[in-house]
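S.K.: Heads up: take any position in the sequence shown, counting from 1, add 456, and you land on the working numbering.
Backbone N, C-alpha and C define an ideal beta-carbon position, used for all residues, glycine too.
Let me begin by handing over the structure; questions about it come next.
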Amino acid sequence: MSHVNASFLLSVDCHDPGLPHRMRFKAFNVRYRLLAPFKILKKTDDKAVGDCKLILEHFSQTIANVKLSNATVNWALGKRHIFLSENARQQLELLREARRHAAALLIQAVWRGWHQRLRWPSLRRSLQLHGRVANTRCALLFLTEKVTRFVRRYSQKFY
457 MSHVNASFLL SVDCHDPGLP HRMRFKAFNV RYRLLAPFKI LKKTDDKAVG
507 DCKLILEHFS QTIANVKLSN ATVNWALGKR HIFLSENARQ QLELLREARR
557 HAAALLIQAV WRGWHQRLRW PSLRRSLQLH GRVANTRCAL LFLTEKVTRF
607 VRRYSQKFY
């Protein structure tokens, strides 16, 4: 029963200063790890608090550089949870969505390029064949006109 009271008191203490959102360290790391450089994160359960601090440091640097909003961004680290203000959560979500969108665009661009390079040999053969057919048609029309003119001239001389 004492662990319930301690958890409740921890929640009440952090909700008072305006930190309505709480997440476990591991859940926070899983959700927002893409906001920090991949190489510096430890990615282990016992280093979850350190990873949270690194993510939040890079988040605060990004917020300072970009300045998405004038509202204050607050957070606090508890024993088992990270507590976030509403604006901090919204800013984290905006940055997360922007990073995911950029990654999706990169994946799509790479796939489209690979797919077009894969299709290029058959497309080139098709275009070359079409070009030969078009050139043959043009040559045939040209010869037909020449022959027709010659026949007309020839027939006018003798008739």
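Between the Cα of H557 and the Cα atoms of L491, T528 and V486, which residue gives the shortest distance?
M.R.: By one-based count along the sequence shown, residue 557 stands at place 101. For the residues L491, T528 and V486, the minimum Cα distance to H557 belongs to L491.
S.K.: Expressed to the nearest angstrom, what Euclidean distance is found between the alpha-carbon atoms of E513 and L561?
M.R.: Your numbering for residue 513 matches position 57 in the sequence shown. Your numbering for residue 561 matches position 105 in the sequence shown. The alpha-carbon atoms of E513 and L561 are separated by roughly 26 Å.
S.K.: What distance in whole Å lies between the Cβ atoms of N530 and A544, which are believed to be in contact at a cut-off of 8 Å?
M.R.: On the sequence shown, residue 544 is found 88 positions in, with the first residue counted as 1. On the sequence shown, residue 530 is found 74 positions in, with the first residue counted as 1. Going by Cβ atoms, the distance from A544 to N530 rounds to 6 Å, so yes, they are a contact pair.
S.K.: Who pairs with A532 in a beta bridge, going by DSSP?
M.R.: For the purposes of this step, residue 532 is identified with residue 76 of the sequence shown, where counting begins at 1. According to DSSP, A532 bridges with F539.
S.K.: S578: buried (16+ other C-beta within 10 angstroms of its C-beta) or exposed?
M.R.: What you label residue 578 is simply residue 122 of the sequence shown in a count that begins at 1. The residue is exposed, with fewer than 16 neighbouring Cβ atoms inside 10 Å.
S.K.: Which one of N591, R536, Q564 and L550 has the shortest CA to CA distance from K503?
M.R.: By one-based count along the sequence shown, residue 503 stands at place 47. Of the listed residues, the one whose Cα sits closest to K503 is R536.
S.K.: Around the Cβ of I563, are there at least 16 other Cβ atoms within 10 angstroms (buried) or fewer (exposed)?
M.R.: Residue numbering aside, residue 563 sits at position 107 when the sequence shown is read from its first letter. The residue in question, I563, is exposed, as its Cβ has fewer than 16 Cβ neighbours within 10 Å.
S.K.: Pull up the distance between the alpha-carbon of R593 and that of L574, whole angstroms please.
M.R.: Reading the sequence shown from its first residue, position 137 is the one you call residue 593. Reading the sequence shown from its first residue, position 118 is the one you call residue 574. The alpha-carbon atoms of R593 and L574 are separated by roughly 30 Å.
S.K.: Quick check on the burial criterion: 16 or more other C-beta atoms within 10 angstroms. Buried or exposed for Y610?
M.R.: Within the sequence shown, numbered from 1, the residue matching residue 610 stands at position 154. With fewer than 16 other Cβ atoms within 10 Å, it is exposed.
S.K.: Between K602, T518, R588 and R608, which has its C-alpha nearest L550's C-alpha?
M.R.: As a working note, residue 550 is residue 94 in the sequence shown. Among K602, T518, R588 and R608, the Cα nearest to that of L550 belongs to T518.
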